[in-house]
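Novice: Just add 39 to the spot in the sequence shown (first one is 1) and you have the numbering used here. Think of the CB as a built atom: it goes at the ideal place given N, C-alpha and C, for glycine as much as any other residue. What follows is a structure written as structure tokens; I'll ask about it next.
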Amino acid sequence: MNNENLKVTTRTTFQLLAPGVAPAPVEAELVYDAEDPYAVAVIFFTGSGRVEWMFARDLLADGLLTPSGEGDILVRPASDDPERVLVELNAPTGFAILSAVAEDVAEFLDASYDVVQPGEEDLWIDFDRELQKLVSTID
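Pasting the structure below:
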């Protein structure tokens with residue numbers, strides 16, 4: 040399938056949560072690109088620049104309903120506010136818990152499903168192009 044220019048981008052504001060201090064707003068973009076049909080990206084715009092995290096679209100969707108993920112990325116409904124979803128990010132350089140409006144995330148996911156339906160992601164992968172990328176890195 041032709042997946043050129045099939046992207047969904049949504050601007051939103053996450054809240055950075057830390058014990059003992061007020062939540063700090065962090066501007067972000069949620070990005071879905073049919074060229075990588077299983078993944079979503081969250082790009083955070085911080086005082087230090089852009090920070091991008093990529094993870095499975097299913098993880099984000101599942102995390103709206105129930106705690107999901109393991110390791111570097113966990114997504115779960117906020118226990119104290121059903122209208123928010125928490126994204127926990129773990130990296131060797133630090134740890135962050137961010138909160139987003141669940142409806143914003145759900146609307147972003149719905150828009151991504153308009154581009155590529157769940158369960159049809161494999162139809163959007165250009166295996167020849169991916170194989171060529173692998174071969175070109177060997178040369």
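Can you round the beta-carbon distance between L103 and A141 to whole angstroms, since I take them to be within the 8 Å contact cut?
Specialist: With a Cβ gap of about 6 Å, L103 and A141 count as contacting.
Novice: Tell whether a beta-carbon distance below 7 Å holds between T48 and E68.
Specialist: Yes, the pair counts as a contact, with Cβ atoms nearer than the cut-off.
Novice: What separation, rounded to the nearest whole angstrom, lies between the Cα atoms of V218 and N129?
Specialist: Past the edges of the chain, shown from 40 to 178, lies residue 218, and the structure says nothing about it.
Novice: Taking the continuous beta strand (DSSP E) assigned at A63, which residues delimit it?
Specialist: 63–72 is the span of the beta strand (DSSP E), which, as asked, contains A63.
Novice: With a threshold of 16 other CB atoms inside 10 Å of the CB of I112, please say whether the residue is buried or exposed.
Specialist: Buried.
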